[in-house]
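Quick note on numbering: the numbering used here labels position 382 of the sequence shown as 411, and the sequence is numbered without any gaps. Quick reminder that beta carbons are idealized off the backbone N, C-alpha and C, glycines included. Since we're looking at a predicted model, the values are computed, not measured. For reference, the structure is listed below as structure tokens.
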Amino acid sequence: MKNFSVLRLSFLAILFLPISAYSQVVTFEPSFATQNDTLTLTFDATQGNGELVGFSGDVYLHTGLITDKSSSPSDWKYVQSGWESYPAKLKATPLGNDKWEFKYPSSVREFYSVSVADKAEEITLLFRGTLDGAGAPDKVGRASGGEDIFLELFENEVSVQFLNPGEKSKIVKKNEEIEIEGIGNSPAGNLNLSLKLNGSEVAQTSVSDTVSYVFSAASEGNYRFDLIGDDGAGEEDSTSVTIIVTDGAVMEARPSGLEDGITYGENGTSVTLSLFAPGKREVFVVGDFSDWELDFNYQMKKDSLKADSVWFWTEITGLTPGEEYGFQYEIDGSLRIADPYSELVLHPNDDNFISESIFPNLKEYPNGKTTNYVGVLFPGKTPYQWKATDYVKPKKENLVIYELLVRDFLADHSYSTLIDTLDYLDRLGIN
Numbered sequence: 030m031k032n033f034s035v036l037r038l039s040f041l042a043i044l045f046l047p048i049s050a051y052s053q054v055v056t057f058e059p060s061f062a063t064q065n066d067t068l069t070l071t072f073d074a075t076q077g078n079g080e081l082v083g084f085s086g087d088v089y090l091h092t093g094l095i096t097d098k099s100s101s102p103s104d105w106k107y108v109q110s111g112w113e114s115y116p117a118k119l120k121a122t123p124l125g126n127d128k129w130e131f132k133y134p135s136s137v138r139e140f141y142s143v144s145v146a147d148k149a150e151e152i153t154l155l156f157r158g159t160l161d162g163a164g165a166p167d168k169v170g171r172a173s174g175g176e177d178i179f180l181e182l183f184e185n186e187v188s189v190q191f192l193n194p195g196e197k198s199k200i201v202k203k204n205e206e207i208e209i210e211g212i213g214n215s216p217a218g219n220l221n222l223s224l225k226l227n228g229s230e231v232a233q234t235s236v237s238d239t240v241s242y243v244f245s246a247a248s249e250g251n252y253r254f255d256l257i258g259d260d261g262a263g264e265e266d267s268t269s270v271t272i273i274v275t276d277g278a279v280m281e282a283r284p285s286g287l288e289d290g291i292t293y294g295e296n297g298t299s300v301t302l303s304l305f306a307p308g309k310r311e312v313f314v315v316g317d318f319s320d321w322e323l324d325f326n327y328q329m330k331k332d333s334l335k336a337d338s339v340w341f342w343t344e345i346t347g348l349t350p351g352e353e354y355g356f357q358y359e360i361d362g363s364l365r366i367a368d369p370y371s372e373l374v375l376h377p378n379d380d381n382f383i384s385e386s387i388f389p390n391l392k393e394y395p396n397g398k399t400t401n402y403v404g405v406l407f408p409g410k411t412p413y414q415w416k417a418t419d420y421v422k423p424k425k426e427n428l429v430i431y432e433l434l435v436r437d438f439l440a441d442h443s444y445s446t447l448i449d450t451l452d453y454l455d456r457l458g459i460n
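Pasting the structure below:
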């Protein structure tokens, strides 16, 4: 049974919306800022990864821009300082209650000294906490999942966005109330706002810039909200968020013999994942198969023998044999990681330095959908057929190990080139 509460409309103009009401990591005024506006940012450390909650030191922005020349969300332009540099112009003002404010002294274009040939599309942010103003930050405030924070810069056109939740998906418990808040902007002055839940309209207004709806559900599952704005003259914008309602991880023992990491099904259409994660509440799998969004259907089951022996596991079906799938684990809604046993990982920055001759047809990183390392699944992959079958492994007590980093050892970073070195290592006694 689904339990939804009554809609509630707000008649406050955009200009007077209190930033403190926005349940986002970073909020800014004006709400639909352009690259020519002067902004005021408010950072709420209780949102996102929560690392700066209770922090007593100074907080500085680490910031740049995504422009029309950026190749990916990790390709920051006009970065304002080094990672271990703390110029006064980037210092945020503490507001108390785990919040900090930063007021731009000039427009976005002027502050970042944007070239006339470039267009600023997003502001990129991290919040660095330092106790002594030297060295690496002591704490870093990020978005949920440990991701960078992005603030979209709008054009002078019909635009809509969600104020709460401030991210594309949010996990809530059964019967927990959450206020869904949306805001719109129309240069023409006419604006119709519609808020839909799973395709059915639950709130609308043509006399306000904001719309809200108090949501709760007694049934687990995915609940999609669509916010649609139009000016009545053909200009329209829309966006969506998904609320995942869950009663917590299902407690169920792992299949007998299941090992940590990635176990492929015999038919090449399924995979079973197992992650050792003591002290964690819940884990979701995200990836190409979920369009990198949280999905109730990919919540992992929990196998807890005792406090220090906890696994999360799940089986994913419906995969296509021979197709590669990127994936990550999202842990407790604040951290995304690759499977530690992944045979191949992707990275938004490192992959740019891998040439086609070294690794042909490397899967493309899912830029704009996630950050950090991504593992890769290979369902139905043909096992490697060893040509040398007479190798005898030495006893553990007789092992002589030589640690070598191919990237530093060889100019072309190639394992093929390394083959010429194996005889030399053998003569050294490496076995």
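Query, Result
"Does the beta-carbon of L302 have 16 or more other beta-carbons within 10 angstroms, so that it is buried, or is it exposed?", "buried"
"For T346, which of helix, strand or coil comes out of DSSP?", "coil"
"Taking a contact to mean a Cβ-Cβ separation below 7 angstroms, would you say L287 touches L256 in this structure?", "no"
"May I have the straight-line CA-CA distance separating E210 from T239, to the nearest angstrom?", "7 angstroms"
"If you draw a straight line from the C-alpha of V312 to the C-alpha of D419, how long is it?", "43 angstroms"
"With respect to the alpha helix (DSSP H) encompassing V279, which residues constitute its N-terminal and C-terminal limits?", "No alpha helix (DSSP H) contains V279, which DSSP labels as neither H nor E."
"Smallest Cα separation from E372: which of Q53, F140, P408, R138?", "P408"
"Taking the alpha-carbon positions, what's the G83 to D127 distance?", "6 angstroms"
"Compare the C-alpha of V262 against each of G213, Y394, A217, N378 and name the closest.", "According to the sequence as given, residue 262 is Ala; it is not Val. Cα-wise, what sits closest to A262 is A217."
"Mark S173 as exposed unless 16 or more other C-beta atoms lie within 10 angstroms of its C-beta, in which case mark it buried.", "buried"
"Please tell me whether K98 has its Cβ less than 7 angstroms away from any Cβ of chain D.", "The question asks about chain D, but that chain is absent: this structure has only one protein chain."
"Quick one: is N78 buried, meaning 16 or more other Cβ sit within 10 Å of its Cβ, or exposed?", "buried"
"With distances taken Cα to Cα, identify the nearest neighbour of G290 among N219, D266, I366, D324.", "I366"
"Is the CB-CB distance between Y354 and L391 below 7 angstroms?", "no"
"Where do the ends of the beta strand (DSSP E) carrying E208 lie?", "207-214"
"Work out the CA separation of V88 and D97 for me, nearest whole Å.", "29 angstroms"
"Using a Cβ-Cβ cutoff of less than 6 angstroms, which residues in the same chain neighbour L323 once the five nearest sequence positions on both sides are dropped?", "S198, I273, F313"
"By the three-class DSSP mapping on this structure, what secondary structure does N472 have?", "Any answer about residue 472 is impossible in this case: the structure gives the chain only from 30 up to 460."
"Once DSSP output is grouped into helix, strand and coil, what is the label at I291?", "strand"
"Do you know whose CA, among E80, I360, T298, L454, lies nearest K168's CA?", "E80"
"Can you list, in chain order, the stretches of the beta strand (DSSP E) that have 3 or more residues and sit fully within the stretch 337-399?", "338-345, 354-360, 364-366"
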